[in-house]
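Student: All residue numbers for the sequence shown refer to the working numbering, where the first residue is 121 and numbers rise by one.
One structure, pasted below without further comment.
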Amino acid sequence: MKYVVIIGDGMADFPIPELGNKTCLQYASTPNMD
Numbered sequence: 121m122k123y124v125v126i127i128g129d130g131m132a133d134f135p136i137p138e139l140g141n142k143t144c145l146q147y148a149s150t151p152n153m154d
């Protein structure tokens with residue numbers, strides 16, 4: 121068996137002014153994670 125493990129470390133980090141003061145996770149389009 122093979123596995124892929126994705127660790128989203130830092131995705132809920134600090135707000136970024138260039139992204140409208142949103143974090144990377146808030147700004148990203150994540151329809152499969154909602």
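Even glycine gets a Cβ: it sits at the ideal position worked out from N, Cα and C.
#1: Nearest-angstrom Cα distance between T150 and C144?
#2: Can you give the Cα-Cα distance for Y147 and L139, rounded to whole angstroms?
#3: Taking DSSP's pairing of strands, which residues face I136 in a bridge?
#4: Starting from the C-beta of N141, find all residues in its chain whose C-beta is less than 7 Å away, skip the five residues before and the five after it, and write them out in chain order.
#5: Pick helix, strand or coil for Y147, following the three-state DSSP scheme.
Tutor: Checking against the coordinates, here is how it stands:
#1: If you number the sequence shown from 1, residue 150 lands on position 30. If you number the sequence shown from 1, residue 144 lands on position 24. Taking the straight line joining both Cα atoms gives about 11 Å.
#2: As a first step, residue 147 must be located in the sequence shown, where it is residue number 27. As a first step, residue 139 must be located in the sequence shown, where it is residue number 19. The alpha-carbon of Y147 is positioned some 7 Å away from that of L139.
#3: One-based indexing of the sequence shown puts residue 136 at position 16. In DSSP, I136 forms a bridge with K142.
#4: For the purposes of this step, residue 141 is identified with residue 21 of the sequence shown, where counting begins at 1. Taking N141 as the centre and dropping the five residues before and after it, the same chain places the C-beta of P135 closer than 7 Å to its C-beta, in chain order.
#5: Within the sequence shown, residue 147 is the residue found at index 27, counting from 1. Here Y147 sits in helix by DSSP.
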